[in-house]
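S.K.:
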Amino acid sequence: SQTIHQWPATLVQPVGSPLSLECTVEGTSNPNLYWYRQAAGRGLQLLFYSVGIGQISSEVPQNLSASRPQDRQFILSSKKLLLSDSGFYLCAWSIWPSSYNEQFFGPGTRLTVL
Amino acid sequence: DQQVKQNSPSLSVQEGRISILNCDYTNSMFDYFLWYKKYPAEGPTFLISISSIKDKNEDGRFTVFLNKSAKHLSLHIVPSQPGDSAVYFCAASAGTNAGKSTFGDGTTLTVKP
Chain U
1 SQTIHQWPAT LVQPVGSPLS LECTVEGTSN PNLYWYRQAA GRGLQLLFYS
51 VGIGQISSEV PQNLSASRPQ DRQFILSSKK LLLSDSGFYL CAWSIWPSSY
101 NEQFFGPGTR LTVL
Chain X
1001 DQQVKQNSPS LSVQEGRISI LNCDYTNSMF DYFLWYKKYP AEGPTFLISI
1051 SSIKDKNEDG RFTVFLNKSA KHLSLHIVPS QPGDSAVYFC AASAGTNAGK
1101 STFGDGTTLT VKP
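First to last, the sequence lines map onto chains U and X. The opening residue of the first sequence carries number 1 in this note's numbering; numbering runs sequentially from there. The opening residue of the second sequence carries number 1001 in this note's numbering; numbering runs sequentially from there.
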């Protein structure tokens, strides 16, 4: 069966500090990978998606970047965090093509930038 | 421009009654629609979906209805149970769009015992 891991679960960082969030998927090959952010009381905003190693598409201009160094590893980074980067970050995977484009989410990382 | 909208931020129903969650979309290219359920501090989990060639899909207590002409879909939960209390997200995707989905802002459902 497939499993998706995200760490850390929670993170408190000062403004201007760097960020690295990691996501790994087990039990599947060549998944599509996604990073989302959920701001308080809002929906899921797609930040990045990747259809293969080294292939990253950015959905919104921002202070963040993503990388996919291995097939089942997806990393979200920032060189200098802003207050507005606070939120709940979710990694997800899917198999493309699939019947309904359903995505499978990790447990999330709660990031607080102070 | 928000392409997927859930206009009701919250819904409260009594246990055993029907819960109806609504979702509207604007992009006519969407051809897959999904509902996810999310508990606090967890990632969303896929609940049920429907393709644009259907107008109804049923899975146990959950039924999704699609009205393409109105660009509207709804999730019915019958009977509602306290364990159904969660945030429900509507999502839509286009078949040619590499699996990307556009999500609504969610509706918080509270089922009272």
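Heads up, the beta-carbon is just placed ideally off N, CA and C, and yes, glycines get one too. Bear in mind the structure is a predicted one, so any value in this text is a computation, not a measurement.
Count Cβ pairs between the region 1087 to 1103 of chain X and the region 1023 to 1035 of chain X that sit closer than 8 angstroms; are there 3 or more?
M.R.: yes
S.K.: Check whether the Cβ of X/Ser1049 lies closer than 8 angstroms to any Cβ atom in chain U.
M.R.: Cβ-Cβ to chain U under 8 angstroms: yes for X/Ser1049.
S.K.: So, is the C-beta of U/Pro18 closer than 8 angstroms to a C-beta in chain B?
M.R.: The chain inventory of the structure shown lacks chain B, comprising the protein chains U and X.
S.K.: Helix or strand or just coil, what does DSSP make of U/Ser17?
M.R.: coil
S.K.: For the region 23 to 34 of chain U against the region 71 to 90 of chain U, do three or more pairs of beta-carbon atoms, one drawn from each stretch, fall closer than 8 angstroms, so that the two count as touching?
M.R.: yes
S.K.: Starting from X/Ser1019, trace the beta strand (DSSP E) in both directions and tell me its first and last residue.
M.R.: Ser1019 to Tyr1025
S.K.: May I ask which residues mark the beginning and end of the beta strand (DSSP E) holding X/Phe1030?
M.R.: From DSSP, X/Phe1030 is part of no beta strand (DSSP E); its letter is neither H nor E.
S.K.: Could you list which residues in chain U have their beta carbon closer than 9 angstroms to that of X/Asp1001, in chain order?
M.R.: Ordered by position in chain U, no residue passes the 9 angstroms Cβ test against X/Asp1001, which lies about 13 angstroms from the chain.
S.K.: Go ahead and label X/Thr1026 buried or exposed: buried means 16 or more other beta carbons lie within 10 angstroms of its beta carbon, across all protein chains shown.
M.R.: exposed
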